[in-house]
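Notes to accompany the following structure.
2 protein chains.
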Amino acid sequence: MLSPKEQYRIITKGVQTLVNEEELMQKLQKSYDNNKPLIIKLGLDPSAPDIHIGHAVVIRKIKQMQDLGHQVVIIIGDFTGKIGDPTGKSKGRVALSDEQVRANAKTYCDQIFKILDRDKTQVRFNSEWLAKMTFEDVIRLASTTTVARMLERDDFQNRYAKQVPIGIHEFFYPLMQARDSVELEADIELGGTDQTFNILMGRMLQKSVGQEQQIAMFMPILEGLDGVEKMSKSLGNYIGVNEPAEVMFKKVMEVPDSLIIKYYELCTDEHPDTIDAIKAQLAAGANPRDIKYGLAKVITSLYHSEEEVQKAISFYDAAFSKKAIPDDIPELTIAEGATIGSVALSFVEMKFVPSKSEFIRMLKQGGVQLNGEKIGFAEIDKALADGDVLKIGKKNFVKFIK
Amino acid sequence: MLSPKEQYRIITKGVQTLVNEEELMQKLQKSYDNNKPLIIKLGLDPSAPDIHIGHAVVIRKIKQMQDLGHQVVIIIGDFTGKIGDPTGKSKGRVALSDEQVRANAKTYCDQIFKILDRDKTQVRFNSEWLAKMTFEDVIRLASTTTVARMLERDDFQNRYAKQVPIGIHEFFYPLMQARDSVELEADIELGGTDQTFNILMGRMLQKSVGQEQQIAMFMPILEGLDGVEKMSKSLGNYIGVNEPAEVMFKKVMEVPDSLIIKYYELCTDEHPDTIDAIKAQLAAGANPRDIKYGLAKVITSLYHSEEEVQKAISFYDAAFSKKAIPDDIPELTIAEGATIGSVALSFVEMKFVPSKSEFIRMLKQGGVQLNGEKIGFAEIDKALADGDVLKIGKKNFVKFIK
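Chains A and B, in that order, are what the protein sequence lines are.
Mapped onto numbering that gives the first Met the number 0, the consecutive letters of the first sequence carry residue numbers 0 to 401.
Mapped onto numbering that gives the first Met the number 0, the consecutive letters of the second sequence carry residue numbers 0 to 401.
Here it is, written out as structure tokens:
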């Protein structure tokens, strides 16, 4: 087992908020002294079965703690899933059958176990304890918090202010999640920052029953390939954990340079020392493309075999690198001072594009590469040099000769 | 069975608010047509075991419906009683043992059955259905209403505004009461005006499960003997249903004249026609004291045997009426213009009081009667007439002779 200090460094890498540092250090020390693993809780809602590396941020963090020897427990929120929202107003809370819940949970777990070690992970369904609760138990649970406290939660606050109805039963979803923590005697619970209220409620409930309070650990939101929006399937800016190695490798290469370090921190299990070294290289002027190449290799390796990764790299090199220019490509003799714009009509003659305006559209949309690098509309007036190779669309190449 | 119209007249006598008239008329018609009694619900909190005729207002109303042939069901809120308030903050909600709840319920019922017909009354404990509810059932129950709706209740609204904590579990007390109405398929629920929110919640819940909605019937608050404050044990302005006939009779005689009709409406089962006749007598100038004498007889008869009532009347007449002056009482010759104050020292000489100031204290506190009528300090300078009889304390009489 690593020393508590070393563990602390790995555990807190990339974490956005921690409640709180001191308690975490104490728990790690105690765990180390007694040789007793901490209980790490992650609650999953079985309604969204497909995960991408944005979702995986918390799972990777958990994996790092698993590798440090701690006990990971995945809670499948099947009780909530089976009840759904009796008012039928909340889309995410349609009542699911037992079979649906189990099926969703299986799909989910199959993906999670691409990251976590299946043999070292406990999976529990919260209906195990929640379904047994009587009205009296529920009253006791409800009595641990107040209406005012509940209405502090952002979404409740907004809805209450805007007079959008909040069903009384909705107050129970945070309480159920908190009850799960008590059942597990969880030491650490992880979530995205949108889980702040619910995870802190777990601390509250543990305290009220005399348990040691869990550490609340919140991971930042991961921006997608556009570098701006939260990674999401519907925005198309995501990298799915189930995507083939070639797709994954290529997508990582599209990550904006400004996010390289964040992706290293949140989407890989690299040691903080390694990440520090990479920061130093970038600061010293290393080509971000080269660093990203390494990142793509690391991330792809997390989800694919070495063989698949090698194939993905070869594929990428062939399709997207300078070397990938075929030997026998058409040549075009140009005058001194010729620009991409000034020779564009030739591409129509060569049947590469149906019209100049179509070429410009492709240029704007990133479908044109100069010497293996994607270029945009800003480069339309760039002077061409002898030997420059332009790639238009997926397979049309032209070499300029002066 | 009386016609629905006649029943309606009796049922609505003295009622403060009815939700709503039209539905009540429909229910009475349907009950009459199908020869099927209505289910009349009264919920009782077993925490306050001693009842006075202020509490009895709703029970008398129920008794009138029982006499009309409807089915009365008393719900003992033992489930709530046994849970209490888990936060321990609400005084009225201390968790009671099974034995305590049963014992309180028995005391309560013994008093209720001084009014209701024991054989025609169903008594049910709501733990019968509430204790069986699972977390899932509770969620469904909670989903029938909203936080905003709940916070409309006066006491919640005030506490929320003043930032006095409201436990989430407190939202369940109205819901439990509503659930009781669903269990009973209640047609009418009665309560004081302080029960408005809870009883209307019963209507809401019945509607949400597809039942016909109960009629909500609210009885006014009965002022006590002071004519101002709500009748209450702690204020000492009450008439207990367990009090001896003499005490009860005497206390009714102390009711302010302005409340005679209200007491007739709320504390007796007299027919509306009878009450109309009494109103007419009063309007025609009848002595309110005589009317009250009749009221005292009616009310005392509701809780005591004819023999006891006769004894109480004799006792009252002997102690509080003019006739009650014994034959052989000391006489005191007084000068023309003598007042109670001017002859007061004689009462000290006669050993009726230890001092004049003590006599004045008794006068101020209502311990002195002139010709059988209580007098106060304002009458200290009243000129005495030949033959006037003064009663000082409980047994000392003096007759003035000029």
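Note that beta-carbon positions come from the ideal geometry of N, C-alpha and C, so glycine has one too.
Check	Outcome
Nearest residue (CA-CA) to B:Y162, options A:Q364, A:L150, A:L362, A:T195	Per the sequence shown, the amino acid found at residue 162 of chain B is Gln instead of Tyr. Looking at the Cα atoms, A:L150 is the closest of the given residues.
Inter-residue CB distance, B:T133 and A:I167 (contact presumed, cutoff 8 Å)	That pair is no contact at about 17 Å.
Residues bridged to B:L41 [DSSP beta-bridge criterion]	B:I73
Spatial neighbours of A:R152 in its chain, beta-carbon cut-off 6 Å, leaving aside the 5 residues before and after	F196
Three-state secondary structure (DSSP) of A:H168	helix
Exposed unless 16 or more other CB atoms sit within 10 angstroms - verdict on A:V208	exposed
Three-state secondary structure assigned by DSSP to B:E98	helix
Euclidean distance between Cα positions of B:L140 and A:L234	38 Å
Pairwise C-alpha distance: A:L43 and A:F124	10 Å
Host beta strand (DSSP E) of B:Q121 (start-end)	120-124
Unbroken beta strand (DSSP E) run spanning B:N370, endpoints	Note, B:N370: premise wrong, no beta strand (DSSP E); not H, not E.
Which listed residue (B:A382, B:D327, B:G201) has its alpha carbon closest to that of B:A343	B:A382
B:I165: contacting residues in chain D (beta-carbon distance under 9 Å)	Annotation note: the requested chain D is absent from the structure, which comprises protein chains A and B.
Reference A:D451; option with closest CA among A:E211, A:Q70, A:V254, A:K401	Chain A is shown only over 0 to 401; residue 451 of chain A falls outside these bounds and no answer can be derived.
Span separating the alpha-carbon of B:V388 from that of B:G293	26 Å
Any C-beta of chain A under 8 Å from that of B:Q162	yes
Nearest to A:K393 (by Cα), restricted to the options A:Q368, A:I138, A:I187, A:V56	A:Q368
For A:L27 and A:M203, the rounded distance between their alpha carbons	21 Å
Nearest residue (CA-CA) to A:G53, options A:A177, A:Y159, A:E228	A:E228
Span separating the alpha-carbon of A:M0 from that of A:E269	18 Å
Unbroken beta strand (DSSP E) run spanning A:N395, endpoints	395-400
Alpha carbon of A:V100 to alpha carbon of A:K81, nearest angstrom	7 Å
First through last residue of the alpha helix (DSSP H) which encompasses B:L221	Premise fails: B:L221 is in no alpha helix (DSSP H) and is neither H nor E.
Beta strand (DSSP E) segment containing B:E330, residue limits	330-332
Backbone secondary structure at A:L150 - three-state DSSP	coil
Every unbroken alpha helix (DSSP H) within the stretch 233-313 of chain A, with a cutoff of 4 residues, ordered by chain	244-252, 259-266, 271-282, 287-302
B:I39, buried or exposed, once every other Cβ within 10 Å from all chains shown has been counted against 16	buried
Residue-level contact to chain B via CB, A:N100, 8 Å cutoff	Checking the sequence, you will find Val at residue 100 of chain A rather than Asn. It does not; no Cβ of chain B falls within 8 Å.
Assigned exposure category for A:K401 - 16 Cβ within 10 Å defines buried	exposed
Close Cβ partners of B:I260 (< 8 Å) along its chain, the five nearest in sequence each way excluded	I274, I277, K278, L281
Within-8 Å CB hit, B:S142 to chain A	yes
Chain-ordered chain A contacts of B:R409 [CB-CB under 7 Å]	Outside the shown range of chain B (0 to 401) lies residue 409 of chain B, about which nothing can therefore be said.
Secondary structure of B:T144, DSSP reduced to three states	coil
Proximal chain A residues relative to B:F124, where beta-carbon distance stays under 9 Å	Neighbours of B:F124 on chain A: none; closest Cβ ~14 Å, over 9 Å.
Whether B:I61 touches B:L41 by CB criterion (8 Å)	yes
Close-in-space but distant-in-sequence residues of the same chain around B:K291 (CB under 8 Å, 5 per side omitted)	V251, M252, V254, D256, I259
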